[in-house]
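Numbering (the numbering used here), first residue to last: 482 to 597. Beta carbons are placed, not taken as given, at the ideal position from N, Cα and C, and that holds for glycine. These figures come from a predicted structure and were not determined experimentally. Worksheet: the structure to be examined is printed underneath.
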Amino acid sequence: MENLIKKNKQENLILEVYWKETKPVSILKLISKENGINKYQIEEKQGGWEAKKQRVDKSIPNDRKVFDSVCKSFGQFVSIEDLMQIIAGKMKVPGVCIRENPFVRRQQGWVSYHQL
């Protein structure tokens, strides 16, 4: 995929990406500037965006709002355990302010079907 990116650097290349928790990432951190020479420290970490495929069916990239929404969703990650609690009606969806789900309430015996 990196060769594809280099090859199409001058074109409007649109990629579909996904977050890969195990992707090794090197970050250059500027530690000093001396006589016009920048000195960097390399920090290694895991977790980064991975290119999945080129989107030849698109000519315009997603709006910045889509990018921000995806990044925000990582900050509101819901674990399997949390999801089970939400489905069971024991926990509210984090970051979402909505009224209780009537189907969950019915399952718990709080509402009859004709009230739905």
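Specify the secondary structure class of residue i as computed by DSSP and reduced to three states.
{"i": "L496", "result": "strand"}
Could you tell me how far apart the beta carbons of residue i and residue j are, in whole angstroms, since I believe they sit closer than 8 angstroms?
{"i": "K553", "j": "E497", "result": "Actually they are not in contact, since the Cβ atoms of K553 and E497 sit about 19 angstroms apart, beyond 8 angstroms."}
Exercise for the section: Please list the segments of the alpha helix (DSSP H) lying wholly inside the segment 512-578, counting only runs of 4 or more residues, in order along the chain. Expected result: Fully enclosed alpha helix (DSSP H) runs of 4 or longer: 545-556, 561-568.
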